[in-house]
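As they're listed, the protein sequences go chains F and L. At position 201 of the first sequence (counting the first as 1) the number is 201 in this note's numbering, and the numbers step up by one without a gap. Every position in the second sequence, counted from 1, becomes a number in this note's numbering once 1000 is added. Even for Gly, the Cβ is constructed at its ideal location relative to N, Cα and C. All values derive from a computational prediction rather than experimental measurement.
2 protein chains.
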Amino acid sequence: MKIVVVGGVAGGASVAARARRLDESAEIVVLEKGGHVSFANCGLPYHIGEVISDRSRLLLQTPESLRETLDIDVRVGSEVIALDRGAKSVTVRELASGREYVESYDRLALCPGADPIRPPLPGIDLPGVHVLRNIADMDAIKAQLDAALDAAASGPARTGTPVRAVVIGAGYIGVEMAENLQHRGASVTVVEMADQILPPLDKEVSVPVEQHLRSRGVHLHLSTAAAAFSQRPGGGLTVELQSNVFVDADLVILSAGVRPNVGLATAAGLELGPRGGIRVDTHMRTSDPSIWAAGDAVETPHTVLPGSWITPLAGPANREARVAAENICGRDTEYRSTQGTSIVKVFDMVAGGTGATERQLRDEGIEYRAVHIHPSGHAGYYPGTAQMHLKLLFAPGSGRLLGAQAAGFDGVDKRLDVLATVIRLGGTVHDLEQLELAYAPPFGSAKDPVNMAGFVASNVLQGDLVLWYATDWPAAVEGTRLIDVRTPEEFEIWHIPGAENVPLATLREASRGWDRSAPVRLYCAVGFRSYLAYRILVQRGFADVATLSGGSNTFRYRHE
Amino acid sequence: MKIVVVGGVAGGASVAARARRLDESAEIVVLEKGGHVSFANCGLPYHIGEVISDRSRLLLQTPESLRETLDIDVRVGSEVIALDRGAKSVTVRELASGREYVESYDRLALCPGADPIRPPLPGIDLPGVHVLRNIADMDAIKAQLDAALDAAASGPARTGTPVRAVVIGAGYIGVEMAENLQHRGASVTVVEMADQILPPLDKEVSVPVEQHLRSRGVHLHLSTAAAAFSQRPGGGLTVELQSNVFVDADLVILSAGVRPNVGLATAAGLELGPRGGIRVDTHMRTSDPSIWAAGDAVETPHTVLPGSWITPLAGPANREARVAAENICGRDTEYRSTQGTSIVKVFDMVAGGTGATERQLRDEGIEYRAVHIHPSGHAGYYPGTAQMHLKLLFAPGSGRLLGAQAAGFDGVDKRLDVLATVIRLGGTVHDLEQLELAYAPPFGSAKDPVNMAGFVASNVLQGDLVLWYATDWPAAVEGTRLIDVRTPEEFEIWHIPGAENVPLATLREASRGWDRSAPVRLYCAVGFRSYLAYRILVQRGFADVATLSGGSNTFRYRHE
Ligand SMILES: Cc1cc2nc3c(=O)[nH]c(=O)nc-3n(C[C@H](O)[C@H](O)[C@H](O)COP(=O)(O)OP(=O)(O)OC[C@H]3O[C@@H](n4cnc5c(N)ncnc54)[C@H](O)[C@@H]3O)c2cc1C
Ligand SMILES: Cc1cc2nc3c(=O)[nH]c(=O)nc-3n(C[C@H](O)[C@H](O)[C@H](O)COP(=O)(O)OP(=O)(O)OC[C@H]3O[C@@H](n4cnc5c(N)ncnc54)[C@H](O)[C@@H]3O)c2cc1C
Ligand SMILES: CC(C)(COP(=O)(O)OP(=O)(O)OC[C@H]1O[C@@H](n2cnc3c(N)ncnc32)[C@H](O)[C@@H]1OP(=O)(O)O)[C@@H](O)C(=O)NCCC(=O)NCCS
Ligand SMILES: CC(C)(COP(=O)(O)OP(=O)(O)OC[C@H]1O[C@@H](n2cnc3c(N)ncnc32)[C@H](O)[C@@H]1OP(=O)(O)O)[C@@H](O)C(=O)NCCC(=O)NCCS
């Protein structure tokens, strides 16, 4: 059997490696148009930032190592320019020589990945406007950055002004680039079309990260986009924003998303899915029974949402590829779904999510409930922890977990992984109550944040707690008695306009004379004290009580 | 309704707090013989170590705060000395005054915890021989340590010799105490009866931690126990070990395990379980329908093993208590099981486990398979990571996950929690293959260690990989051809006696002439290269091949 693989990085190299292990006698050819295979795309920003100083560490395998250990015929600089499904062959162009040849296959794997989007703006092709997808892109950015830093520090044109970089798009890669450029000493401006950074997160969770980014000196322009790039006399670029702001830049990074590489597939008449990725079945087989596909170019079912989705992430690419290889080699393995678990480090903070966001659930018309809590990453009395923002989305009837997001400092990745696991296994918020997680003071709490989120969510489902949401303010409190149950000192510093202060410790006494039929809306700092207050009032006959999900903490990130 | 709770810490305070939230009108009395309620037992070693410098941070709640926010009647210094189930009352002794009185209950919760074991050895009651369970114990140890350190540094008897501490028992608390005492500058000796530290872990996983402990200057005596304590002329103690070694000590910490506090329960005729803890049903109700129990004093079903077990850990205590409170308040909530998820920080290392150990599975006669892998905590090319030791135990047929253990530096707690979650939800090693965990270079790998463990385990179940185990050496390699597939340089430095070196890159060629019917046993550093070698040989017709689980890495920790 002869297996040909188009693309030689996360998806392609993984198909080839797994196929070899399953079939020692197959002929396996990997065709990669770029100069490298098996490199760590995800590490590229960190080499630019010199956090990963040794460039060679990013090259996980080479054509030679793949030949030696796995007997794979890897051809770099070899672009597949046509696919003839009838003849079962591909046409390959050797980029160095220009030579073209035809390579036949018994089974083909398409793993061409995705290309960064380059919006058709004036000046988009100017030197100095970069995308970041591969080693060559990285080398180009780093070379320009190094030169600019050198020039600023010691060149003849030394001006004392720092190197200025503009990052277009505040998704994960944009934010990583902002951090790494800043780390090198550049002055960084980030431009994002949406009204928030990190669009895969809901806004209550992204705003704390946004503030952290600003606090580290990164300039943010939200709700606007680049309109044009132009060369400045004397060097450098000017970026014109739609908001009519002009930002000077020595370097521009476009990180405005990626588009699946489906050129070969469409030209050959393979079916695409509704979102424009290559359509595959749960065996990662395309509409042609001799062709499989994996990685950023494909659509897969979503774990929580209906329909198929493009999820350009390395974990799915690697696991899809492994499944594709198994089926290519005659096994019967299913790739069930992708849930979009993702994470990013942003200076000292960490943020990420898994499953559906509230926005997606709303867009898809799926009923859900939400809770927001702010537990600390580990026991508060043990040094080195901080509050995190943890949001849970779950089904109203069954309590099935639909999505989770978190932002904070320590222990965020762990909670995301646990919640991702529960979503993957179809678990509910009641399962979260029962999870037995590893506890010692440096690592968690006897009631872990995940347990705690489960308690709160279960209380909501059982009707032991009724929440109101910052998103619904001010409508949610109109015509109600708004009670702040924090201490007078806390109230003094900040409170929601119109609130009365009735500290929790005095509530039992104070509420004796109140009208029990009048609606009461409660809040405190994070929701714990107002929960206690809720239980007190409801059990004393108050008819209409609700407490603010996530307290003033979530509220302020939403409204300030 | 009147609810009386015996014990006011993890279990007792949690019962009371949850009961109040469910029943605003109940009378709730907490009786605690010690001077404090709601303190952080788990933080005690770290205050001695001055990692947690502010003692008051350990007092999470006080009688006053529980009164104010939860309207709970908390009485410290109040020991329950008798239980009259017929009369539904307890007899309370106020320790300060000696006054005794009877307190009636409608529903009683027993949360008396456990007491540290004090083996009846000569000299066990000498001053300077301590246990650590509560704030008073902590204060006593810290006072003595502070005084000894002061004296050594500046007192008239200043000798230049450091303060010497002996810790008896190398379980989690013992190891934490060793670290914290060392951190204060004491010279620490740990004595452990078993032939390994951290008995809840299998030996391959505990030995790396043992070596780390020794590398940090802690002296270890394994396979021996304290035989006697005696006062030294001029101050201090001498600890005599069963091995006839004598160790001088200014301070001795007994951390040889705990025994459930069942005195009250047995005197009142409540049933005990087979392991000597209070017997409860899945509603945490004892054999008396008006009495519930939770925490270190009870036995609960094990998630994986048959029978009921005592698991003296804070997470279970807190969640058992919450379930008990719900049932006390008339709800119908089940506490399903405890799986013994536990973790400990040991200087820079972290180790822990969840579910059953190999020892337990063997003892219970449960069939299992095991794999050992050594992935890095996050992407190897991103700084700050190290190899961990990860061991998985699973059922041969279904692949159900039965247990997992890990030791390493970064990301150990996260993988334990993910694996604990899978065990709790009844997942299999095939589920591990599919988990979609949060990946960016600082946090993991595109194929997370947990995925990787799932791959290897699934390969074993599917017959794609046959393992041999370090535990079975040398028998496992007798009469076989033992091949080391690492590089000559690696072979040179160390190899298993009797091994031939055939580097992976040369294996296809070299094996052409070999006898395919002769048994071959392979190994490499961690098991990856020998897995590739296994696939090559088996598919080339070799009849009897197996590769060493965990490679030389696991082997050397087992045999050196
Ligand atoms: C800067 C950066 C940071 C990232 N960080 C993360 C992260 O932290 N976490 C995460 O999960 N994901 C991250 N990703 C995404 C992740 O790298 C991708 O999801 C993953 O690499 C997709 O794998 P793939 O094989 O589909 O595509 P790629 O890895 O892009 O490989 C596709 C290859 O196919 C080649 N190719 C395309 N067409 C042809 C053709 N016609 N002929 C021959 N070769 C062809 C391309 O040259 C390319 O090398 C990051 C990506 C980038 C760029
Ligand atoms: C030093 C130390 C470190 C620990 N570290 C960890 C860790 O990192 N992770 C972890 O999971 N667990 C840890 N634990 C274990 C954890 O603290 C216990 O599992 C948990 O506290 C058990 O709760 P409990 O309510 O059953 O018992 P306790 O918390 O001990 O509370 C029982 C209380 O009942 C009182 N009492 C007993 N009898 C009577 C009576 N007759 N009348 C009145 N009062 C009575 C006792 O005085 C005691 O205060 C640690 C324990 C210690 C001592
Ligand atoms: C490196 C690359 C070629 C894949 O390599 P691979 O050979 O599948 O190897 P990995 O290192 O991922 O190891 C996985 C295999 O080793 C096996 N394995 C790992 N440790 C093992 C151990 N200790 N014992 C036995 N087997 C082991 C696994 O079972 C798995 O084999 P299987 O798929 O046949 O079951 C490919 O992932 C790649 O090109 N990656 C770089 C690009 C990328 O992923 N970018 C995005 C992230 S930055
Ligand atoms: C502190 C202690 C009294 C328990 O307190 P508690 O009142 O149950 O409070 P916790 O802080 O654990 O919070 C849990 C409750 O708050 C609720 N909650 C937490 N955050 C919330 C939020 N943001 N919004 C709404 N509710 C919230 C939870 O739902 C849960 O309530 P429930 O049980 O009624 O569902 C008890 O755990 C204790 O004494 N601990 C110290 C001893 C100990 O555990 N030692 C071992 C570990 S060191």
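The CB of P1316 (chain L) comes closer than 7 angstroms to the CB of E436 in chain F, given here in chain order.
Residue nearest to E204 (chain F) within the set F:E334, F:I328, F:I72, F:E358 is F:E358 (criterion: CA-CA distance). The C-beta of T354 (chain F) has 16 or more other C-beta atoms within 10 Å across all chains shown, which makes the residue buried. In this structure, the CA atom of E478 (chain F) is about 41 angstroms from the CA atom of G384 (chain F). Placement of the Cβ of L1465 (chain L) at a distance of less than 8 angstroms from at least one heavy atom of ligand 3 is found. Per DSSP, the unbroken alpha helix (DSSP H) holding P208 (chain F) starts and ends at 203 to 215. Comparing C-alpha distances from V1466 (chain L) to each of L:V1545, L:L1110, L:A1386, L:E1367 shows the shortest one belongs to L:V1545. By the neighbour-count criterion, in which a residue is buried when 16 or more other Cβ atoms sit within 10 angstroms of its Cβ, Y101 (chain F) is exposed.
DSSP, reduced to helix, strand and coil, places Y1381 (chain L) outside both helices and strands of the structure shown, so it counts as coil. Secondary structure within the region 1061 to 1112 of chain L: the beta strand (DSSP E) runs of 3 or more consecutive residues, fully enclosed, are 1073 to 1075, 1078 to 1084, 1089 to 1094, 1100 to 1104, 1107 to 1110 (chain order). Here DSSP, grouped into helix, strand and coil, assigns I1197 (chain L) to coil.
CA-to-CA, the gap between E1367 (chain L) and D1106 (chain L) works out to about 46 angstroms. By the neighbour-count definition (other C-beta atoms within 10 Å, threshold 16), L251 (chain F) is a buried residue. Note that the region 1121 to 1141 of chain L touches the region 1042 to 1051 of chain L; at least 3 beta-carbon pairs, one per stretch, sit closer than 8 angstroms. For H1036 (chain L), the three-state secondary structure derived from DSSP is coil. Residue pairing by DSSP places T547 (chain F) opposite F:L467, F:L522 in a beta bridge. For a cut-off of 8 angstroms, the C-beta gap from A225 (chain F) to V239 (chain F) is around 10 angstroms, too long to register as a contact. By a beta-carbon distance limit of 8 angstroms, A1010 (chain L) contacts N1041 (chain L). Their separation comes to about 7 angstroms. DSSP places R1481 (chain L) inside the beta strand (DSSP E), whose first and last residues are 1481 to 1484.
If the five residues before and after S342 (chain F) are omitted, its C-beta is found closer than 8 angstroms to the C-beta atoms of Y172, P200, L313, G352, G353, T354, all from its own chain and listed in chain order. Using a CB distance cut-off of 9 angstroms, G1236 (chain L) does not count as an interface residue toward chain F. The beta carbon of E433 (chain F) falls within 9 angstroms of a beta carbon belonging to chain L, placing the residue at that interface. Closest in alpha carbon position to P449 (chain F), among F:H372, F:D484, F:L425, F:R481, is F:H372.
E1433 (chain L): member of the alpha helix (DSSP H) spanning 1429 to 1434, first to last residue. Listed by position along chain F, the residues whose Cβ is nearer than 8 angstroms to that of A1379 (chain L) are A40, C42, G43.
For E1027 (chain L), the uninterrupted beta strand (DSSP E) segment begins and ends at 1027 to 1031. With its beta carbon less than 9 angstroms from one in chain L, D448 (chain F) belongs to the interface. Closer than 9 angstroms to the CB of K345 (chain F) there is at least one CB belonging to chain L. For L60 (chain F), the distance from the CB to the nearest heavy atom of ligand 1 is not below 8 angstroms. The beta carbon of I310 (chain F) is closer than 7 angstroms to those of P260, R275, G277, E299 in its chain, skipping five residues each way along the sequence. Taking C-alpha positions only, V304 (chain F) is separated from G1008 (chain L) by approximately 42 angstroms. In this structure, the C-beta of Y335 (chain F) stays at least 8 angstroms away from each heavy atom of ligand 1. Listed along chain F are L504, A505, R529, L532, each with a C-beta nearer than 8 angstroms to that of T1069 (chain L). The residue from L:F1555, L:A1268, L:M1284 with its alpha-carbon nearest to that of S1089 (chain L) is L:A1268.
Look at the region 261 to 337 of chain F and you find these whole runs of alpha helix (DSSP H), each 4 residues long or longer: 263 to 267, 314 to 328. Look at R1319 (chain L): its beta carbon is at least 8 angstroms from all of the heavy atoms in ligand 2.
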